[in-house]
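Colleague: Just so you know, the sequences run in chain order A and B. Note that numbering that gives the first Met the number 0 gives residue 24 to position 25 of the first sequence, counting from 1, and the numbers run on in steps of one. Note that numbering that gives the first Met the number 0 gives residue 74 to position 75 of the second sequence, counting from 1, and the numbers run on in steps of one.
Number of protein chains: 2
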Amino acid sequence: MTDGPGGPRQGTNGEGAARGATVEDVVLSANTAFYNAFEAGDLDLMAAVWLPEPDPVCIHPGNAAIYGYAEMMRAWAMIFANTPYIQFFLTDVQVRVDEDVAYVTCTENVLSSGEGAPEEGFAGGKALATNVFRRTSSGWRLWIHHASPVLSSGGRQEEAP
Amino acid sequence: MTDGPGGPRQGTNGEGAARGATVEDVVLSANTAFYNAFEAGDLDLMAAVWLPEPDPVCIHPGNAAIYGYAEMMRAWAMIFANTPYIQFFLTDVQVRVDEDVAYVTCTENVLSSGEGAPEEGFAGGKALATNVFRRTSSGWRLWIHHASPVLSSGGRQEEAP
Numbered sequence: 000m001t002d003g004p005g006g007p008r009q010g011t012n013g014e015g016a017a018r019g020a021t022v023e024d025v026v027l028s029a030n031t032a033f034y035n036a037f038e039a040g041d042l043d044l045m046a047a048v049w050l051p052e053p054d055p056v057c058i059h060p061g062n063a064a065i066y067g068y069a070e071m072m073r074a075w076a077m078i079f080a081n082t083p084y085i086q087f088f089l090t091d092v093q094v095r096v097d098e099d100v101a102y103v104t105c106t107e108n109v110l111s112s113g114e115g116a117p118e119e120g121f122a123g124g125k126a127l128a129t130n131v132f133r134r135t136s137s138g139w140r141l142w143i144h145h146a147s148p149v150l151s152s153g154g155r156q157e158e159a160p
Numbered sequence: 000m001t002d003g004p005g006g007p008r009q010g011t012n013g014e015g016a017a018r019g020a021t022v023e024d025v026v027l028s029a030n031t032a033f034y035n036a037f038e039a040g041d042l043d044l045m046a047a048v049w050l051p052e053p054d055p056v057c058i059h060p061g062n063a064a065i066y067g068y069a070e071m072m073r074a075w076a077m078i079f080a081n082t083p084y085i086q087f088f089l090t091d092v093q094v095r096v097d098e099d100v101a102y103v104t105c106t107e108n109v110l111s112s113g114e115g116a117p118e119e120g121f122a123g124g125k126a127l128a129t130n131v132f133r134r135t136s137s138g139w140r141l142w143i144h145h146a147s148p149v150l151s152s153g154g155r156q157e158e159a160p
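(1) Around the Cβ of residue 133 of chain B, are there at least 16 other Cβ atoms within 10 angstroms (buried) or fewer (exposed)?
(2) Could you compute how far the alpha carbon of residue 146 of chain A sits from the alpha carbon of residue 18 of chain B?
(3) With residue 36 of chain B and residue 27 of chain B assumed to form a contact (beta carbons below 8 Å), what rounded beta-carbon distance in angstroms separates them?
(4) Indicate the three-state DSSP secondary structure (helix, strand or coil) for residue 99 of chain B in the structure shown.
(5) Hey, how far is the Cα of residue 86 of chain B from the Cα of residue 109 of chain A?
(6) Among A:48, A:140, A:46 and A:20, whose alpha-carbon lies nearest the alpha-carbon of residue 101 of chain A?
(7) Do the segment 62-81 of chain A and the segment 90-100 of chain A make contact, defined as three or more Cβ pairs closer than 8 Å?
(8) What residue from B:46, B:80, B:60 and B:103 has the CA that sits closest to residue 89 of chain B's CA?
(9) How big is the Cα-Cα spacing for residue 150 of chain B and residue 63 of chain A?
(10) Comparing alpha-carbon positions, which option in B:54, B:121 and B:137 lies nearest residue 95 of chain A?
(11) Go ahead and pull the three-state DSSP assignment for residue 135 of chain A.
(12) List, in chain order, every chain B residue whose beta-carbon is nearer than 8 Å to that of residue 92 of chain A.
(13) Kindly indicate if chain A contains any beta-carbon less than 8 Å away from that of residue 53 of chain B.
(14) Does residue 61 of chain B get closer than 8 Å to chain A when you measure Cβ to Cβ?
(15) For a cutoff of 8 Å on Cβ pairs, would you count residue 133 of chain B as touching chain A?
(16) Please tell me whether residue 96 of chain A has its Cβ less than 8 Å away from any Cβ of chain B.
(17) Looking at the secondary structure, which residues open and close the alpha helix (DSSP H) in which residue 25 of chain B lies?
(18) Should residue 107 of chain A be labelled buried (16 or more other beta-carbon atoms within 10 Å of its own) or exposed?
(19) Since residue 27 of chain A meets chain B, which of its residues come closer than 8 Å, beta carbon to beta carbon?
(20) Return helix, strand or coil for residue 63 of chain B, following the three-state DSSP convention.
(21) According to the neighbour-count rule (16 or more other Cβ atoms, all chains shown, within 10 Å of its Cβ), is residue 9 of chain A buried or exposed?
(22) Identify the contact partners of residue 74 of chain B in chain A, using a Cβ-Cβ distance below 8 Å as the criterion.
(23) With C-beta atoms as the reference, is residue 22 of chain B less than 8 Å away from residue 33 of chain B?
(24) Hey, out of A:25, A:78 and A:127, whose CA is closest to residue 42 of chain A's CA?
(25) Please state if the CB of residue 122 of chain B and the CB of residue 60 of chain B are separated by a distance shorter than 8 Å.
(26) Enumerate in chain order the residues of its own chain whose CB-to-CB distance from residue 144 of chain A is below 6 Å, with the five nearest sequence positions on each side excluded.
This is the structure in structure tokens:
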């Protein structure tokens with residue numbers, strides 16, 4: 000993942016933060032680990048990112064929610080199989096921690112090939128993501144990922160209200 | 000709010016659940032209280048729904064995130080002023096509780112007048128919502144609301160990936 004200005008520090012599993020790191024830094028490292036696993040298309044890395052239970056939930060832009068660890072990992076395998084290349088550049092990163100739960104919100108600026116991209120080309124897109132993490136004895140684990148479409152024009156989408 | 004088949008029980012503030020109610024029932028009552036406050040356009044009810052701190056976050060479909068209790072309440076005042084009528088019919092309601100944190104996901108089937116609706120008429124819309132609650136000494140409070148557009152066709156939206 001490429002960090003934007005003021006973006007989160009690099010980290011591999013949310014537990015490797017430097018000595019003296021704040022809890023927010025550690026949560027941001029867990030957030031980075033999620034996007035690194037996505038970019039790498041690595042199921043083992045992705046499996047380590049998530050809280051196994053109670054049922055995690057994952058919502059990709061414009062798609063229905065996927066509930067439960069096993070179901071979600073099957074979905075990640077499908078996504079990885081259909082995504083030869085993907086890169087995330089995160090902006091507008093915000094983190095808040097409340098004891099053993101934390102959220103990170105960010106704009107995902109995405110460059111990808113595969114489904115939806117021109118043949119042998121790349122497609123760009125934007126999504127707004129909310130990622131909720133739980134603190135466990137083995138580090139912060141992702142429990143909720145909700146990403147939703149952002150209009151490239153930056154304008155308001157039709158909505159209710 | 001009109002509950003769909005198998006939808007949550009009615010409740011006013013997330014603390015009025017019947018004796019013998021499960022923790023899931025109580026969380027669903029808090030979720031109902033949020034939509035009741037939205038429908039009523041009542042700032043006092045809405046103020047009581049949310050966790051004041053650390054900064055709650057609220058994302059309306061296709062819009063940027065709003066952080067912090069005071070900022071969010073200003074936004075609700077604007078929304079209520081521009082929404083003469085709104086009704087929610089929730090479907091696909093799922094709830095999971097992990098100690099002092101819980102999420103509810105649901106499809107918001109919305110009927111509204113005001114901005115975006117035909118003059119003196121109504122507009123319908125759908126959104127997919129993730130609502131995250133925290134357990135406090137005075138009941139479950141909403142900390143995160145992320146609602147995103149759903150295509151009326153039920154198909155996939157363009158996304159990356």
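Just so it is clear, CB atoms sit at the ideal spot from N, CA and C, and this is done for glycine as well.
Modeller: The answer reads as follows:
(1) The count along the second sequence starts at 1 and reaches residue 133 of chain B at position 134. Buried: at least 16 other Cβ atoms inside 10 Å.
(2) For the purposes of this step, residue 146 of chain A is identified with residue 147 of the first sequence, where counting begins at 1. For the purposes of this step, residue 18 of chain B is identified with residue 19 of the second sequence, where counting begins at 1. CA-CA distance, residue 146 of chain A to residue 18 of chain B, rounds to 37 Å.
(3) Start at 1 with the first residue of the second sequence, and residue 36 of chain B comes out as number 37. Start at 1 with the first residue of the second sequence, and residue 27 of chain B comes out as number 28. In this structure residue 36 of chain B is not in contact with residue 27 of chain B, their Cβ atoms being roughly 15 Å apart against a cut-off of 8 Å.
(4) By 1-based counting over the second sequence, the position of residue 99 of chain B is 100. Of the three classes helix, strand and coil, the one that applies to residue 99 of chain B here is coil, per DSSP.
(5) If you number the second sequence from 1, residue 86 of chain B lands on position 87. If you number the first sequence from 1, residue 109 of chain A lands on position 110. Straight across, the Cα-Cα distance linking residue 86 of chain B with residue 109 of chain A is about 35 Å.
(6) Residue numbering aside, residue 101 of chain A sits at position 102 when the first sequence is read from its first letter. Comparing Cα-Cα distances from residue 101 of chain A to each of A:48, A:140, A:46 and A:20, the minimum goes to A:140.
(7) No, the segment 62-81 of chain A does not touch the segment 90-100 of chain A.
(8) Taking the first residue of the second sequence as 1, we reach residue 89 of chain B at position 90. Taking residue 89 of chain B as reference, the option from B:46, B:80, B:60 and B:103 with the minimal CA-CA separation is B:103.
(9) Start at 1 with the first residue of the second sequence, and residue 150 of chain B comes out as number 151. Start at 1 with the first residue of the first sequence, and residue 63 of chain A comes out as number 64. Computed Cα separation, rounded: 11 Å.
(10) Walking along the first sequence from the start, residue 95 of chain A turns up at place 96. If we check each option's Cα against that of residue 95 of chain A, B:54 comes out closest.
(11) Here residue 135 of chain A is taken as the residue at index 136 of the first sequence, counted from 1. Residue 135 of chain A: strand per DSSP, three-state reduction.
(12) Taking the first sequence and counting its residues from 1, the one referred to as residue 92 of chain A is at position 93. Within 8 Å Cβ-Cβ: nothing; residue 92 of chain A doesn't reach chain B, min ~11 Å.
(13) As a first step, residue 53 of chain B must be located in the second sequence, where it is residue number 54. Contact with chain A is found for residue 53 of chain B, since one of that chain's Cβ atoms lies less than 8 Å from the residue's Cβ.
(14) Looking up residue 61 of chain B in the second sequence gives position 62. Cβ-Cβ to chain A under 8 Å: yes for residue 61 of chain B.
(15) Along the second sequence, one-based indexing puts residue 133 of chain B at 134. Output row for residue 133 of chain B: interface = yes.
(16) The sequence position of residue 96 of chain A within the first sequence is 97, counting from 1. Output row for residue 96 of chain A: interface = yes.
(17) Within the second sequence, residue 25 of chain B is the residue found at index 26, counting from 1. Counting along the chain, the alpha helix (DSSP H) containing residue 25 of chain B begins and ends at 22-39.
(18) Numbered from 1 along the first sequence, position 108 holds the residue referred to as residue 107 of chain A. Counting of Cβ neighbours within 10 angstroms places residue 107 of chain A among the buried residues, the total reaching 16 or more.
(19) The residue given as residue 27 of chain A occupies position 28 in the first sequence. Going along chain B, no residue has its Cβ under 8 Å from residue 27 of chain A, so there is no contact; the nearest lies around 15 Å.
(20) Start at 1 with the first residue of the second sequence, and residue 63 of chain B comes out as number 64. The answer is coil: DSSP assigns residue 63 of chain B none of H, G, I, E or B.
(21) Position 10 of the first sequence, counted from the first residue, corresponds to residue 9 of chain A. In this predicted model, residue 9 of chain A has a pLDDT of only 42, less than 50, meaning its place in the structure is not dependable; the value taken from the coordinates is given anyway. Its Cβ having fewer than 16 others within 10 Å, residue 9 of chain A is exposed.
(22) If you number the second sequence from 1, residue 74 of chain B lands on position 75. Under the 8 Å cutoff, chain A gives no residues; its nearest Cβ is about 12 Å from residue 74 of chain B.
(23) For the purposes of this step, residue 22 of chain B is taken as the residue at position 23 of the second sequence. For the purposes of this step, residue 33 of chain B is taken as the residue at position 34 of the second sequence. Not closer than 8 Å, so no.
(24) What you label residue 42 of chain A is simply residue 43 of the first sequence in a count that begins at 1. Of A:25, A:78 and A:127, the residue nearest in Cα terms is A:78.
(25) For the purposes of this step, residue 60 of chain B is taken as the residue at position 61 of the second sequence. For the purposes of this step, residue 122 of chain B is taken as the residue at position 123 of the second sequence. Here residue 60 of chain B is not near residue 122 of chain B, since their CB atoms are 8 Å or more apart.
(26) Counting from one through the first sequence, the residue named residue 144 of chain A turns up at place 145. Non-local beta-carbon contacts of residue 144 of chain A in its own chain, meaning distances under 6 Å to residues more than five positions away in sequence, involve 57 and 130 in chain order.
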